[in-house]
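J.: In my numbering, the protein residues as written are 1 to 162. Where a beta carbon is used, it is the ideal one built from N, C-alpha and C, also for glycine.
1. Thinking just about the alpha-carbon of each residue, which of 146, 77 and 134 is nearest to the one in residue 59?
2. Taking the Cβ atom as the reference point for each residue, do residue 118 and residue 46 lie within a distance shorter than 8 Å?
3. Return the CA-CA distance between residue 125 and residue 6, expressed in angstroms with no decimal places.
4. For residue 44, which of helix, strand or coil comes out of DSSP?
5. Grouping DSSP H, G and I as helix and E and B as strand, with all else coil, what is residue 84?
6. Under 7 Å Cβ to Cβ from residue 134, same chain only, skipping five residues before and after it: list those, please.
7. May I have the straight-line CA-CA distance separating residue 24 from residue 148, to the nearest angstrom?
8. Output the distance between the C-alpha atoms of residue 21 and residue 120, rounded to the nearest integer angstrom.
9. Whose CA, out of 41, 151, 158 and 37, lies closest to the CA of residue 99?
10. Please determine, among 109, 53, 70 and 155, the residue with the shortest C-alpha to C-alpha distance to residue 80.
11. How is residue 95 classed by DSSP in three states: helix, strand or coil?
12. Below 8 Å on the Cβ atoms is my guess for residue 85 versus residue 3; work out the distance and round it to an integer in Å.
13. Candidates 50, 63, 130 and 38: which alpha carbon is nearest residue 177's?
14. Pull up the distance between the alpha-carbon of residue 138 and that of residue 131, whole angstroms please.
15. Would DSSP call residue 35 helix, strand or coil?
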């Protein structure tokens, strides 16, 4: 199963200058619990936005750069197709960004795990539009802003409509 996982604002913003534009601890916890123990596919810039590889996950990094150096436990591939090829077939595989990789994969994904952050922000990277004719909401959980979260947000799980 191919799953896109992202946190986006109401205007589908993902980030700016290769950084997230909010800090939501509960979103990080959900991301960690869903992706731990799985393969995660990402573009090079997304990988470079981490201080170090995320623990307990196999990183598959898409880049056109030849001889791109990565730490042990990371796999480098030249395309989304190759990234999917190197992942286990009977396991949930997560695509974690960035914007270009989401665009390339939205039409082949089985599931979207979205954190909708209820604000509009300025950004340079966006998540593709989710077409309600192609996706069904199967889970939704709203969270009010609080002392740790500057914005209201909603966890939404979409499954591809048949």
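T.: Answer, in terms of the structure:
1. 77
2. no
3. 12 Å
4. helix
5. helix
6. 160 and 161
7. 7 Å
8. 10 Å
9. 41
10. 109
11. strand
12. Incorrect: roughly 17 Å between the Cβ atoms, too far for contact.
13. The structure shown has nothing for residue 177, since the chain only spans 1 to 162.
14. 15 Å
15. helix
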